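Trainee: Using the working numbering, the first residue of the sequence shown is number -1, and each one after it goes up by one.
Even glycine gets a Cβ: it sits at the ideal position worked out from N, Cα and C.
Predicted, not measured: the structure shown is a model, and the values here were computed from it.
Right, I'll just put the structure down here and ask away after.
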Amino acid sequence: AKASLGDFVEVRAAVTENCGISAGTLFFAFTDNLEFVSATLLGASAEAVMATEGENSGAYGIILLDATGSAYTSVTDNFCGVSFRVIGTGEAKISLWLYDGITNTFENITGNRPEVSFGISVPDAPVVKTSSLPDAYLGRAYSTMLETENAQYSEWTEWEITDGDLPDGLTLLNDGTICGTPEEYGSFRFKVTAEILEGIISEEKEISLKVEERPKELELIDGSKYIIDAENKYLKNVPAEVNPSELISQFLSPEMIKVFDADGSELASDGYVGTGCTVSLMNGEDKLDTLTVVVKGDVSGDGEIATIDFQRIRAYYLDKYDLSGAYLEAALVAGNETVATIDFQRVRAHYLGKYNLYA
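What follows is the structure, given as structure tokens:
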């Protein structure tokens, strides 16, 4: 039978008669193109430990002990099972033997030292799938990964640039990750190859990468709970009592970002970011991109949840107060399209510590 790189295979040893051993070790050895995964003894999970010295050095052993003090006599097709993962090519071999702990002599499970062998298929040469990469930005940390159409072999694939260069500051790792911080901008082209194990090499593939001098719009970091509403230019899902540095930390290129209050003045470092504040991507004094902040439940714009907030939402619901734009968006805490009683009830419950608007 043939196995493929990455396959899991199992070898089982059977007992057809009294094997004549009550205490000792069941050893197994295997070729380098296999990786030991797990073992069982009489159907139960068994610990296997590699011997580091003596005549069994390099083999894995499972301690045997018959609790009755007599030899293993039960006839079973499931005396021991050993599982492996294929991690190389060529011919694989697995052998098993018993070492009697009483007599300190080798014993054989079936009268000879059983050995299982099988061939491992050689993978096809990888085909590079990537041709262009996401844009990078000067001075901004960057990470992306090259891919092949033989993705199942990515663990054994190494990459190399064969012609051209990455921009200064970026590096191609063996696993295909391009990472670093670009130190020059422009358009770059380079050629790569992908190699599975040793000698199974792809054709050269030209890759293009553009490094922009500066980002042009605000972007959140991976994993941020904030949401950019691009259509309305809102930054949503911002909780109350957040200071400017906390807000800025949720964006890429934080060194280029400033937060302003509703009047357009830069917000003090110890102030709270409230509804109506703006966050801008700056190029010197120029604002390249701006979002208006919406703090759920904060319709007063002070960045906190207080009585004035649920009072204003209730007054708006009763047509006694006007809310619009980001402030109306902040009032829609229940996620509906119009303000309802549930909105000011939840804001009030949050203020009283009986509900969490941001959970």
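Grab the span of the beta strand (DSSP E) containing residue 36 for me, first residue to last.
Mentor: In the sequence shown, the residue the question calls residue 36 occupies position 38. Residue 36 -> beta strand (DSSP E) spans 32 to 39.
Trainee: Within its chain, find whatever has a CB closer than 7 Å to the CB of residue 39; leave out the 5 residues flanking it on each side and keep chain order.
Mentor: The residue given as residue 39 occupies position 41 in the sequence shown. These residues qualify, in order along the chain: 60 and 78.
Trainee: Are there 16 or more other CB atoms within 10 angstroms of the CB of residue 290, so buried, or fewer, so exposed?
Mentor: In the sequence shown, counting from the first residue as 1, residue 290 sits at position 292. Residue 290 should be labelled buried.
Trainee: Would you list, in sequence order, the uninterrupted beta strand (DSSP E) runs of no fewer than 3 residues that lie entirely inside the region 268 to 338?
Mentor: Within the region 268 to 338, the complete beta strand (DSSP E) runs of at least 3 residues are 276 to 281 and 284 to 293.
Trainee: Would you report the Cα separation of residue 33 and residue 111, rounded to the nearest angstrom?
Mentor: Walking along the sequence shown from the start, residue 33 turns up at place 35. Walking along the sequence shown from the start, residue 111 turns up at place 113. C-alpha separation (whole angstroms): 21 Å.
Trainee: Can you confirm whether residue 166, when its beta carbon is compared against all beta carbons of chain D, has any partner nearer than 8 Å?
Mentor: Included in the structure is just one protein chain, with no chain D present.
Trainee: Quick check on DSSP: helix, strand or coil for residue 173?
Mentor: Taking the sequence shown and counting its residues from 1, the one referred to as residue 173 is at position 175. Note: residue 173 maps to coil in three-state DSSP.
Trainee: Keeping to the same chain, check which residues put their C-beta closer than 7 Å to that of residue 337; ignore five residues upstream and five downstream.
Mentor: Start at 1 with the first residue of the sequence shown, and residue 337 comes out as number 339. Counting only Cβ-Cβ distances below 7 Å, and skipping sequence neighbours, we find 311, 314, 315, 329 and 330.
Trainee: CA-CA distance, residue 194 and residue 151?
Mentor: As a first step, residue 194 must be located in the sequence shown, where it is residue number 196. As a first step, residue 151 must be located in the sequence shown, where it is residue number 153. So the alpha carbons of these two residues sit roughly 7 Å apart.
Trainee: State buried or exposed for residue 148, treating a residue as buried only when at least 16 other CB atoms are found within 10 Å of its CB.
Mentor: Stepping through the sequence shown from its first residue, residue 148 is reached at position 150. Per the 10 Å Cβ criterion, buried.
Trainee: Would you mind reading off the limits of the beta strand (DSSP E) that contains residue 246?
Mentor: Counted from its first residue, the sequence shown places residue 246 at position 248. Where residue 246 is concerned, there is no enclosing beta strand (DSSP E), although the alpha helix (DSSP H) it sits in stretches over 242 to 246.
Trainee: Secondary structure at residue 60, three-state DSSP: helix, strand or coil?
Mentor: Walking along the sequence shown from the start, residue 60 turns up at place 62. The answer is strand: DSSP assigns residue 60 an E or B state.
Trainee: From residue 108 to residue 13, what does the alpha carbon distance come to, in whole angstroms?
Mentor: Here residue 108 refers to the residue found at position 110 of the sequence shown. Here residue 13 refers to the residue found at position 15 of the sequence shown. Its pLDDT being 49, under 50, residue 108 is placed unreliably in this model, and the coordinates cannot settle the point.
Trainee: Using the three-state DSSP reduction, which class does residue 125 fall into: helix, strand or coil?
Mentor: As a position in the sequence shown, residue 125 is number 127, starting the count at 1. Of the three classes helix, strand and coil, the one that applies to residue 125 here is coil, per DSSP.
Trainee: If you follow the beta strand (DSSP E) that residue 203 is in, where does it begin and where does it stop?
Mentor: Here residue 203 refers to the residue found at position 205 when the sequence shown is read from its first residue. Element bounds for residue 203: 203 to 210.
Trainee: Which word fits residue 294, buried or exposed, when buried means at least 16 other C-beta atoms lie within 10 angstroms of its C-beta?
Mentor: By 1-based counting over the sequence shown, the position of residue 294 is 296. With 16 or more other Cβ atoms within 10 Å, it is buried.
Trainee: Give me the DSSP bridge partner(s) of residue 185.
Mentor: For the purposes of this step, residue 185 is taken as the residue at position 187 of the sequence shown. BP columns for residue 185 point to 208.
Trainee: Roughly how many angstroms separate the alpha carbons of residue 210 and residue 322, rounded to a whole number?
Mentor: Here residue 210 is taken as the residue at index 212 of the sequence shown, counted from 1. Here residue 322 is taken as the residue at index 324 of the sequence shown, counted from 1. Roughly 37 Å between the two C-alpha positions.
Trainee: Whole angstroms is fine: what's the gap from residue 355's alpha carbon to residue 141's?
Mentor: In the sequence shown, the residue the question calls residue 355 occupies position 357. In the sequence shown, the residue the question calls residue 141 occupies position 143. So the two alpha carbons sit approximately 34 Å from each other.
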